[in-house]
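Notes follow once the structure below has been shown.
In the UniProt record's numbering, the protein residues as written are 1 to 168.
Below, the structure is given as structure tokens:
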């Protein structure tokens, strides 16, 4: 599996930011605000004039951070009404970047299966599918949502682990 480097991701971000620039407004990456996650980088940007002057009249509205995938170089953006933390949650959920796995097979225990169904809001068809596949993978999405599910399942003595969806 080939993944892109930070330098390649930065070039992708710079090209996207350049395409967003208009008139005499030059947009630049805020180096100190770049965030690295195991699955990619988050690049924030603003106008060069704003950085130089600090004058709000040069601030850029609607400049959503660019999420660049380490795997593909794909760019994802989200509404600027969200905080960076919320954007990260949405991104992880959208791309199913974390997985919740049962630590052991519970499919022969009716009581645990009923608890799993209730905690995870599963349909009977979902449970049957999991059971027929002997799947220990029960959900995928954002880390924080899966952490909440893991804690809820632990209350019913169902032990789970959260893992990265990909091994980059």
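All C-beta atoms, glycine included, are put in the ideal place defined by N, C-alpha and C. All values reported here derive from a predicted model rather than from experimental measurement.
Which partner residues of residue 42 appear in the DSSP bridge assignment?
35 and 67
Inter-residue spacing [alpha-carbon to alpha-carbon] between residue 108 and residue 117:
14 Å
What separation, rounded to the nearest whole angstrom, lies between the Cα atoms of residue 6 and residue 47?
22 Å
Would you check if there are 3 or more beta carbon pairs closer than 8 Å linking the segment 135 to 151 to the segment 85 to 99?
yes
The beta strand (DSSP E) that contains residue 162, what's its start and end?
First-last of the beta strand (DSSP E) with residue 162: 160 to 164.
What's the call for residue 79, buried or exposed, on a 16-neighbour Cβ count within 10 Å?
The residue is exposed, with fewer than 16 neighbouring Cβ atoms inside 10 Å.
Assigned secondary structure, residue 81 (DSSP; H/G/I helix, E/B strand, else coil):
coil
Skipping 5 residues on each side, what residues in its chain have a beta carbon closer than 6 Å to that of residue 62?
80.
What residue range does the alpha helix (DSSP H) around residue 169 cover?
Outside the displayed range of the chain (1 to 168) lies residue 169, so it cannot be described from this structure.
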